[in-house]
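S.K.:
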Amino acid sequence: MTTTDIGPNTGPRETVRRPSRFLRNLSPKIAMLPLIFTACVVFLGGTLWTVLYSFTKSGLLPRLSWVGLDQYERLWSSRKWIVSIENLALYGICSLIGTLVIGFTLAALLDRKIRGEAVFRSIFLYPFALSFIVTGLVWQWILNPELGLQNVVREWGWTSFTFDPLNNPEIVMFGLLIAGLWQGTGLIMCIMLAGLRGIDEDIWKAARVDGIGTVKTYIRVIIPMMRPVFVTSLVLIAAGIVKLYDLVVAQTSGGPGISSEVPAKYVMTAMFGGQNLGQGFAASSMMLLMVVIILIPWAYLEFGGKKHG
Amino acid sequence: MADTGMLNAAAAVTQPLRGTLAAGPRGPKPKNKFSRSNIIIYGTLFVVALYYALPLYVMIVTSLKGLPEIRMGNIFAPPLEVTFQPWVKAWQEACTGINCDGLSRGFWNSVRILIPSVILSVAIASVNGYALSMWKFKGSEVFFTILMIGAFIPYQVMLYPIVILLREAGLYGSLTGLVLVHVAFGMPINTLLFRNYFASIPEELFKAARVDGAGFWAIFFKIILPMSLPICVVALIIQVTGIWNDFLFGVTYISSPDRYPMTVQLNNIVNSVQGVKEYNVNMAATLLTGLVPLVIYFASGKLFVRGIAAGAVKG
Amino acid sequence: MTIQNASVSIKNLDLSFGAVKVLQNLNLDIGDGEFLVLLGSSGCGKSTLLNVIAGLLEPTDGQIWIKDKNVTWAEPSERGIGMVFQSYALYPQMTVEGNLTFGLKNAKVPKAEIAKRVARAAEILQIEPLLKRKPGALSGGQRQRVAIGRALVRDVEVFLFDEPLSNLDAKLRADLRVELKRLHNNLKNTMIYVTHDQVEAMTLADRIAIMKGGKIMQLGTPAEIYGKPQNLYVADFIGSPSMTFFDGTVDGNIMRIPGHDLPLGRYEFTSQPAPGTPAIIGVRPEHVMTGDNLRSAPYTTVVEIDLVEPMGSDTLVYCKFGGQTMRVRMDGQAQVAVGDRLTIGIDPAAASLFDKTTEVRL
Chain A
61 MTTTDIGPNT GPRETVRRPS RFLRNLSPKI AMLPLIFTAC VVFLGGTLWT
111 VLYSFTKSGL LPRLSWVGLD QYERLWSSRK WIVSIENLAL YGICSLIGTL
161 VIGFTLAALL DRKIRGEAVF RSIFLYPFAL SFIVTGLVWQ WILNPELGLQ
211 NVVREWGWTS FTFDPLNNPE IVMFGLLIAG LWQGTGLIMC IMLAGLRGID
261 EDIWKAARVD GIGTVKTYIR VIIPMMRPVF VTSLVLIAAG IVKLYDLVVA
311 QTSGGPGISS EVPAKYVMTA MFGGQNLGQG FAASSMMLLM VVIILIPWAY
361 LEFGGKKHG
Chain B
431 MADTGMLNAA AAVTQPLRGT LAAGPRGPKP KNKFSRSNII IYGTLFVVAL
481 YYALPLYVMI VTSLKGLPEI RMGNIFAPPL EVTFQPWVKA WQEACTGINC
531 DGLSRGFWNS VRILIPSVIL SVAIASVNGY ALSMWKFKGS EVFFTILMIG
581 AFIPYQVMLY PIVILLREAG LYGSLTGLVL VHVAFGMPIN TLLFRNYFAS
631 IPEELFKAAR VDGAGFWAIF FKIILPMSLP ICVVALIIQV TGIWNDFLFG
681 VTYISSPDRY PMTVQLNNIV NSVQGVKEYN VNMAATLLTG LVPLVIYFAS
731 GKLFVRGIAA GAVKG
Chain C
263 MTIQNASVSI KNLDLSFGAV KVLQNLNLDI GDGEFLVLLG SSGCGKSTLL
313 NVIAGLLEPT DGQIWIKDKN VTWAEPSERG IGMVFQSYAL YPQMTVEGNL
363 TFGLKNAKVP KAEIAKRVAR AAEILQIEPL LKRKPGALSG GQRQRVAIGR
413 ALVRDVEVFL FDEPLSNLDA KLRADLRVEL KRLHNNLKNT MIYVTHDQVE
463 AMTLADRIAI MKGGKIMQLG TPAEIYGKPQ NLYVADFIGS PSMTFFDGTV
513 DGNIMRIPGH DLPLGRYEFT SQPAPGTPAI IGVRPEHVMT GDNLRSAPYT
563 TVVEIDLVEP MGSDTLVYCK FGGQTMRVRM DGQAQVAVGD RLTIGIDPAA
613 ASLFDKTTEV RL
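Residue numbers (the working numbering), protein chains in the order written: chain A, 61 to 369; chain B, 431 to 745; chain C, 263 to 624.
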């Protein structure tokens, strides 16, 4: 018995060269060309291009004449941009908290073995199927001061009732928020519900044996266990907030005045309305920076720990 | 690897939704049908459901009322006299700027944008997902990672470079150009969807097909594609609702109001400053625009949940 | 055993994934018509080796020859192999017939020939009534038959099996095992069979290659592997329950373990170790003699029973011996209880001795 190589003694001993790695399996590479183009040219190339041109004096047309950080200085001294950022911060914080709280509460309520869960779920979720334009327009109509909600409540007898957010610069962002929450909470509810369903039923039994109340169990046991679901929801909400644009255009057009402007709208106006490309590039680069600031802690939380663990 | 990890996290958003919504509720069971806690639960759900259902209701009733009735009446009241005139007007006569041929123009534009975009998106994404999960090559994951990171970049950052690309290709302002933009921006989420789905197909099936002498395309068309109907439907739902609801790309890459998609035209009709505000026509137009995704939503049920949960990654 | 007519030859095969060496300088010749089993625990590289032979993985270095042709870089379908997978890997949307003919259609085999081969395979495997069904409508055993049929219709020299019976329940597994053996007896194809189940390996194989860490630990007939394991790993891996091992030293013809000097008598040394060499002796539970067999035992002693595991056909008895808990396999009828004193006999000729440092058979 031998385990050593003696090989075939008969037949030709052709030498076959290793084929080129590139030519082998060429089909998948050709098939992926659209992806490679989109990833590298459109996404990566486009982003780098915009960031690069944000340091130029581009006006009507992009030009490579460097002005350093001028565009950014102009941006941050622009009243409209400051308002946009403030609005986004306000809307963002409220929307984040509102969506998480409402989303989780609804999910928890639906998870309590209720009748008609499917019906409730359909009702909470259908707004998500609608575009922001539709959302904005319908809420613009409902919040119409003369003919909408305010009027109805006054007709019911509460004549001093005032709720006219779309014409009041102080609270216009809350008008947007009502519509935004209406459109987006259903999705988070669905994700939360899935998270709740993913929790071992024995946890509830254990909590009951230990005599912990329902609300306390949610706060002390269930929510900490759902951390990954919350983090995912947070990222989804945050990414959506930064892109807030359509809703504003449809519901308020940035008004009254500039009181409901948002960064995405600022970019669009600068690029396609004001023929002020450099400002548009700088503002969009700032938006990119915001996303990076949101995503990096998330990426760190999600993957930084696991790598070492 | 950190890069694939991030993608999987994005995928994880959709993962739990697959089976778990079908599983039973996990919360504690209320003891008594008419217990206090039960009344609170149903009461809360009912009030919240009102908030969610109300806008749809308002849209419908407003669109069926005559203008005088709206001006004097209650926004929540059902129409005293049902009229379909606002719908007809919204569809055929509503004005945007100088064009007064109604929302039908935008509808057909949207259809003309939608069909090629959706077909092309699903075709490309399925091939991408297949190549990424079964024919990995050096660098394939890198390209995929770039693509997925791209999904998180605000669109505004890439808008202008795409204008240049389209202009160079002679497609700026055309429906074809918009179709390509939709295909590009739909690529990350759909590719991710297909890649994860194909990754769940046993590798041995792929190996068996290779032993049977099938190549890249033969395996795709004869083995993989016939198995991917459910995921194709999910991708279809994502793309149809996403593209139909798009406003930003339509307004950016279509240069002539003749070719505006429905959402853009809708916004122009409703938010036009000239003339008398015809709230009933506006609501009919709004409802018409929302009809396509609403029909898809109510017709597709659970698949829609899967679809939008995945689509949400797109932002 | 020297293979003159190798059907499959593996020469200096290396495979690394990054820094991880999955296969290390493997050499293996498989004879024409031989049934070779690659046996090992998970992660030993046995499936990887099979995939390299099939052409589903590219080796880092080395060559694969099938029927005197270097196929190292050939496509799987060009190698003259058929493969059967653990999960059956049947194409779910095709009928059984579609599954059987998919490869042949790809190879553009004439229709008449396809029909002939399908009929033959269906007859051999008794799956004629299933031909029009889809895999989803078949039982696990039927699916695996179809999977074997898919390899069969390819009319190839070499069959590769990747744990084909692992997904089946115990009874079905035993039945299909017998059928596979019968199939090999009839077809006389070369078969390479990967498994982690030593019963499958022992019953099916002409030769077994036991693998660990990408290397072949021992290659030999089932009898050789069982009776003369070449190293400690193989000795421990083969046999259920496994050998009991005792540390000690060899002094000429005596193996000294704590409390006992075992006369080695007729033990066939591979190489006579120097006196005082630290060694390990392994004794199979079934080789410990009790009752009537004791008369022929070169060494007997009395032990106290720790634990009794009745298993029906036989009874496994645990007792303290030589500083270890030793397993003794007794007849199923044996009347023994914990605390009983039992006379046992040990025949070192049937045992295995290993050098303590190299772990190689002495």
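For glycine and all other residues, C-beta sits at the position ideal for the given N, C-alpha and C.
Quick caveat: nothing in here was measured; it's all calculated off a predicted structure.
(1) Could you give the first and the last residue of the continuous beta strand (DSSP E) run that contains C/Asn572?
(2) Run the CB neighbour count on A/Phe192, radius 10 Å, all protein chains shown included, and call it buried at 16 or more, exposed below.
(3) Mind checking who C/Lys474 pairs with in its DSSP beta bridge?
(4) Who pairs with C/Val512 in a beta bridge, going by DSSP?
(5) Give the secondary structure of B/His612 by DSSP, where H, G and I count as helix, E and B as strand, and everything else as coil.
(6) Does the Cβ of A/Leu129 have 16 or more other Cβ atoms within 10 Å, making it buried, or fewer, making it exposed?
(7) Step through the CB atoms of chain B and report whether any lies within less than 7 Å of the CB of C/Met345.
(8) So C/Lys582 is in the alpha helix (DSSP H); what residue range does that whole segment cover?
(9) Where does the unbroken alpha helix (DSSP H) through C/Phe279 begin, and where does it stop?
(10) Give the list of continuous beta strand (DSSP E) stretches no shorter than 3 residues that lie fully inside the region 206 to 287 of chain A.
(11) Three-state secondary structure (DSSP) at C/Thr619?
(12) Measure the alpha-carbon distance for C/Gly280 versus C/Thr620 and round it to whole angstroms.
(13) Does the beta carbon of B/Gly580 sit closer than 7 Å to a beta carbon anywhere in chain A?
(14) Which residues, in order along the region 596 to 617 of chain C, keep a beta-carbon less than 7 Å from a beta-carbon of chain B?
(15) Quickly, what does DSSP pair C/Gln325 with across the bridge? List them, please.
(16) What residues of chain B sit near A/Asn85, judged by a beta carbon separation below 8 Å?
(17) Suppose you measure from the CA of C/Cys344 to the CA of C/Ala384; what does that come to, to the nearest Å?
(18) Distance check for A/Leu241 and A/Ser293, CA to CA, integer angstroms please.
(19) So what does DSSP say about C/Arg435, is it helix, strand or coil?
(20) Scan the region 634 to 658 of chain B for residues whose Cβ lies nearer than 7 Å to a Cβ of chain C and list them as they occur along the chain.
(21) Going straight from the alpha carbon of C/Gln388 to that of C/Leu524, what length do you get?
(22) Name, please, each residue of chain C whose Cβ falls closer than 7 Å to the Cβ of B/Pro632.
(23) Report back the beta-carbon spacing between C/Phe364 and C/Tyr350 to the nearest angstrom; my notes put them in contact at under 8 Å.
(24) Does B/Ala614 come within less than 7 Å of chain A when only Cβ atoms are used?
(25) Report the partner residues of C/Ser428 according to the DSSP bridge assignment.
(26) How many angstroms separate the CA atom of C/Gln286 from the CA atom of C/Met479?
(27) If we call anything under 7 Å between Cβ atoms a contact, is A/Gly338 one with A/Ser118?
(28) Taking only beta carbons into account, state which residues of the region 310 to 333 of chain C come closer than 7 Å to chain B, listed in chain order.
(29) Is the beta carbon of A/Val111 sitting closer than 7 Å to the one on A/Ser345?
(30) Looking only at C-alpha atoms, which of C/Leu288, C/Ala471, C/Pro338 sits nearest to C/Leu301?
(31) Nearest chain A C-beta to B/Asn626 closer than 7 Å, yes or no?
(32) Check the DSSP bridge columns for C/Gln586 and list the partner residues they point to.
(33) DSSP three-state label for C/Pro525, please.
(34) Going by DSSP, what residue range makes up the beta strand (DSSP E) through C/Leu604?
(35) Answer yes or no: do A/Ala310 and A/Leu197 have a C-beta to C-beta separation smaller than 7 Å?
(36) Looking at the unbroken beta strand (DSSP E) that takes in C/Gly344, where does it start and where does it end?
M.R.: Concretely, from the data shown:
(1) Rather than Asn, the amino acid found at residue 572 of chain C in this sequence is Pro. Taken as a continuous stretch (DSSP letters only), the beta strand (DSSP E) holding C/Pro572 covers 561 to 572.
(2) With 16 or more other Cβ atoms within 10 Å, it is buried.
(3) C/Lys477
(4) Within the DSSP bridge table, the entry for C/Val512 names C/Met517, C/Thr539 as partners.
(5) helix
(6) exposed
(7) yes
(8) For C/Lys582, there is no enclosing alpha helix (DSSP H); the residue is part of the beta strand (DSSP E) that begins and ends at 576 to 583.
(9) Counting along the chain, C/Phe279 falls outside any alpha helix (DSSP H), though it belongs to the beta strand (DSSP E) covering 268 to 279.
(10) none
(11) coil
(12) 29 Å
(13) yes
(14) none
(15) Looking at the DSSP output, C/Gln325 bridges to C/Lys273.
(16) Trp565, Phe567, Phe646
(17) In the sequence under discussion, the amino acid at residue 344 of chain C is Gly, which differs from the Cys named in the question. A straight-line Cα-Cα distance of about 16 Å links C/Gly344 and C/Ala384.
(18) 14 Å
(19) helix
(20) Glu634, Leu635, Lys637, Ala638, Arg640, Val641, Asp642, Gly643, Ala644, Ala648, Ile653, Pro656, Met657
(21) 55 Å
(22) Ser349, Ala351
(23) Not confirmed; about 14 Å, so no contact.
(24) yes
(25) Bridge partners of C/Ser428: none, in fact.
(26) 12 Å
(27) yes
(28) Ala316, Leu318
(29) The beta carbons of A/Val111 and A/Ser345 sit closer together than 7 Å.
(30) C/Ala471
(31) no
(32) C/Phe583.
(33) strand
(34) Going by DSSP, C/Leu604 is part of the beta strand (DSSP E) stretching over 603 to 608.
(35) yes
(36) 343 to 346
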